[in-house]
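Asks: Numbering of the sequence shown is given in UniProt numbering, commencing with residue 1 and proceeding in unit increments.
Every residue, glycine too, gets a C-beta built ideally from N, C-alpha and C.
Quick caveat, the model's predicted, so the values are computed rather than measured.
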Amino acid sequence: MSSIPNPAAGAKAQAGAQAGAEAGAGPSAAAAPSAEVSALPLSVVRRESGRPGPVRPRLWTILSRLRSLALGLALVGAGLAAGAALQARGSLPWQAGDEGAAGGPPPAATGQETTAVFGLGRLLPDGFVVTVAPPFGAGDARIARLLVAEGERVEAGQPLAELDNRPQLLAALASAEAAVHLREAELARQRVFVEASRAESRAALERSKVAAATARRELERSQELLARGHVTRATHDDALARSEAAEREVESARATLGRYTADTPDAPPDIAVALRNLDAARAALALAQADLARSQVLAPAGGVVLDIHVRPGERPGERGILDMGDIDKMMAEVEVYQSRIGAIETGDTVEITGEAFEGAIAGTVERIGWDVGRQTATGADPAARTDARVIKVHVAIDPADIARVRRFTNLQVTARIITGEGT
C-alpha cells in the first residue's frame, strides 16, 4: 500500500532547511538544503521555499542555438573580410599590366617615375596564325588525302589537302570538255554547210536569171506574133505567165543566197546559233574547272604548317583544316592594363621571358592597339584578377632571337616594357 504524505513531516523538513540556511556553516551546509529542496515537487518548491524554481530544459536549448547562430555569423563575417582582402591584392603585375606587386589601378604618385610596365602575352607568327578552311561550296565533302604534315614549309598556292568529291568533279570536267568538243564540231559542220549552201544559191540564182531572160525574150516574140495575128491570145498569155514565173524564181534564188551571204563569216543564222551553243559549253567547262579547283585546298600564303585539325575521312569543322603561319618573323601580343598604356610608346624596348626558353629575348614595341578589351591572358595565381581591362601591344621580336622561339606559337610569356625610349 502506498503511504499518505504526512503534513507534519513536511513542516519539519522545511524548518530544518531554514535553520541550515541561517546557520551559514559553509558550502556543505548550504548544499544539503538545496538538494532537499530539489527533491520536492516543483509546485511545493515554488510555493513554500520562496526561491525561483530550476530553469526549464527548453530555455537552455534556445540559448544554445542562439550561441551557435552568433558563432556562425562571426565565421561568415571573417570569410567575407578575407575574400575582400584577397580581391584587393588580386591584380598582379603580369595580369593587369602594372609594375608593382599589387594589382588594380596604379598607386598614388610617390615622386619616383615608373620606368617599366609589365604584361602577359603570347608569341605569334608575324601576320598571326592563319586557319585554312575548306573552299566555298565544298558542302559536306570530307578530307580524302592530306598532302602536308605538321612542321612542313609550304609555298603560296601549294595544295594542302584533297576532298573526297574530287572524282565526281573530274568526271563532270570530262563531260564538260566533251560538250565543248561537240559544239566545236557542230560549228565547223555549220560553216561547211553554209559555204556549200552559199555556192548552191549562187548557182541557182544564175540559172534563174538565165531562165528569166529566156522567158522574157519568148514573151517579146509572142507579143510581135500576136500583133501580126500569127498566134492566139492564149499562146501569148502562156508566154507572159512563164516570164513572170521566171522573174519570181530569180527573186527566190536571190533571197536564198542572201541567207548565206553577210558582211562577216559568222553572221549567217545557223553559224550564229552554233557559236552561242559553243559559248554555253565553254561556260559549263569553266564552271566544272572551278568546281574541280575547289576540291583541293591550297595554301593562301607561304609559311609553316603549325597544327592539323582533321584526318582523312573527317569533315572539317569550325576549327578548319589546319593552322599555318610565317614563323620566320615572330611577334608577341602583350596585354597591358588600361591605366598604364599611356606610358608606352612605339619603339620602346621590351624584354620577354617564358617557361619554354631560358633567359630573355629582346623586342620592340611596333604597334599599340586601339581597342580596350577584357583580359584573356592570366597567371597561375588563383587570387589574380581575371576581369581587367587591357589594350593589346604588338611587339616585334629581335631577328637574332627568332630562332629560339619560332617553335613556340601561342606560348604565354611575360613582357617587361621599358618606357621612355620610344619615338
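Among Leu287, Gly258 and Asn277, whose alpha-carbon lies nearest the alpha-carbon of residue 480?
Replies: Past the edges of the chain, shown from 1 to 423, lies residue 480, and the structure says nothing about it.
Asks: Less than 8 Å separating the beta-carbons of Ile418 and Asp348?
Replies: Looking up residue 418 in the sequence shown gives position 418. Looking up residue 348 in the sequence shown gives position 348. Cβ distance < 8 Å, so Ile418 and Asp348 count as in contact.
Asks: In terms of residue numbering, what span does the alpha helix (DSSP H) encompassing Arg183 cover?
Replies: For the purposes of this step, residue 183 is identified with residue 183 of the sequence shown, where counting begins at 1. Element bounds for Arg183: Arg166 to Arg228.
Asks: Under a CB-based cut-off of 8 Å, is Ser243 close to chain D?
Replies: Of the protein chains in the structure, only one exists, and it is not chain D.
Asks: Between the stretch 224-238 and the stretch 188-206, can you find at least three pairs of beta-carbon atoms closer than 8 Å?
Replies: no
Asks: So does Val413 have its beta carbon nearer than 7 Å to some heavy atom of the ligand HEM?
Replies: Questions concerning the ligand HEM fall outside what the structure shown contains, since it holds no ligand whatsoever.
Asks: What does the Cβ neighbour count give for Asp279, buried or exposed, with the cut at 16 atoms within 10 Å?
Replies: Residue mapping note: residue 279 aligns to position 279 of the sequence shown, counting from 1. Under this definition Asp279 is an exposed residue.
Asks: Determine the direct distance from the alpha carbon of Gly72 to that of Ala332, and round the result to whole angstroms.
Replies: Walking along the sequence shown from the start, residue 332 turns up at place 332. Walking along the sequence shown from the start, residue 72 turns up at place 72. Computed Cα separation, rounded: 50 Å.
Asks: What would DSSP say about Glu251, mapped onto helix, strand or coil?
Replies: One-based indexing of the sequence shown puts residue 251 at position 251. Helix.
Asks: May I have the straight-line CA-CA distance separating Glu206 from Leu257, to the nearest angstrom?
Replies: The residue given as residue 206 occupies position 206 in the sequence shown. The residue given as residue 257 occupies position 257 in the sequence shown. Their Cα atoms are separated by approximately 11 Å.
Asks: Which of the three DSSP states, helix, strand or coil, is assigned to Thr256?
Replies: On the sequence shown, position 256 is the one that residue 256 refers to. Helix at Thr256.
Asks: From Val350 to Thr364, what does the alpha carbon distance come to, in whole angstroms?
Replies: For the purposes of this step, residue 350 is identified with residue 350 of the sequence shown, where counting begins at 1. For the purposes of this step, residue 364 is identified with residue 364 of the sequence shown, where counting begins at 1. Straight-line Cα distance between these residues: approximately 6 Å.
Asks: Which one or two residues does DSSP pair with Thr353 in a beta bridge?
Replies: Residue 353 sits at position 353 when you count from the first residue of the sequence shown. For Thr353, which the question treats as bridged, DSSP gives the partners Ala360 and Thr414.
Asks: In the DSSP assignment, find the unbroken beta strand (DSSP E) run with Gln289 in it and report its ends.
Replies: As a working note, residue 289 is residue 289 in the sequence shown. No beta strand (DSSP E) contains Gln289, which is instead part of the alpha helix (DSSP H) from Pro269 to Ala293.
Asks: Just to confirm my understanding: we take Gly317, look at its own chain, exclude 5 residues before and 5 after, and list those with CB closer than 8 Å. What are they?
Replies: In the sequence shown, the residue the question calls residue 317 occupies position 317. Cβ neighbours of Gly317 beyond the five flanking positions: His309 and Val310.
Asks: With 16 as the cutoff for other CB atoms within 10 Å, does Thr376 come out buried or exposed?
Replies: For the purposes of this step, residue 376 is identified with residue 376 of the sequence shown, where counting begins at 1. It is exposed - the Cβ of Thr376 has fewer than 16 other Cβ atoms within 10 Å.
Asks: Quick test of the definition: if touching needs 3 or more C-beta pairs under 8 Å, does the stretch 126-138 touch the stretch 350-362?
Replies: no
Asks: Measuring only the C-alpha atoms, how far is Ala293 from Arg145?
Replies: One-based indexing of the sequence shown puts residue 293 at position 293. One-based indexing of the sequence shown puts residue 145 at position 145. Spanning the two alpha carbons is a distance of roughly 15 Å.
Asks: Mapping the DSSP letters down to three states, classify Val148 as helix, strand or coil.
Replies: Residue mapping note: residue 148 aligns to position 148 of the sequence shown, counting from 1. DSSP places Val148 in coil when its eight states are reduced to three.
Asks: Apart from the five residues just before and just after Gly157, which ones in its own chain have a Cβ nearer than 7 Å to its Cβ?
Replies: Position 157 of the sequence shown, counted from the start, is the residue given in the question as residue 157. Once the five neighbours on either side are set aside, the close Cβ partners of Gly157 are Leu298 and Ala299.
Asks: Would a C-beta distance cut-off of 8 Å place Ala388 and Tyr337 closer than the cut-off?
Replies: Taking the first residue of the sequence shown as 1, we reach residue 388 at position 388. Taking the first residue of the sequence shown as 1, we reach residue 337 at position 337. Closer than 8 Å, so yes.
Asks: Using C-beta distances below 7 Å, list every residue in its chain close to Val413, excluding the 5 sequence neighbours before and after it, in chain order.
Replies: Within the sequence shown, residue 413 is the residue found at index 413, counting from 1. Counting only Cβ-Cβ distances below 7 Å, and skipping sequence neighbours, we find Gly121, Arg122, Leu123, Ala332, Ile352, Thr353 and Gly354.
Asks: Is it right to say Ser295 is buried, meaning 16 or more other beta carbons lie within 10 angstroms of its own, or is it exposed?
Replies: Taking the sequence shown and counting its residues from 1, one reaches residue 295 at position 295. Buried, by the Cβ-count rule.
Asks: Could you tell me the alpha carbon to alpha carbon distance between Val405 and Met330, rounded to whole angstroms?
Replies: Position 405 of the sequence shown holds residue 405. Position 330 of the sequence shown holds residue 330. Cα to Cα, the separation comes out at about 8 Å.
Asks: Pick out whichever of Val304, Glu251, Arg374 and Arg319 has its Cα sitting closest to the Cα of Gly325.
Replies: As a first step, residue 325 is located in the sequence shown; it is residue number 325 there, counting from the start. For the residues Val304, Glu251, Arg374 and Arg319, the minimum Cα distance to Gly325 belongs to Val304.
Asks: For Gly410, which residues of its own chain have a beta-carbon under 6 Å away from its beta-carbon, when the five flanking residues on both sides are left out?
Replies: Position 410 of the sequence shown holds residue 410. According to the sequence provided, residue 410 is Asn. The question's Gly does not apply to it. Counting only Cβ-Cβ distances below 6 Å, and skipping sequence neighbours, we find Arg122.
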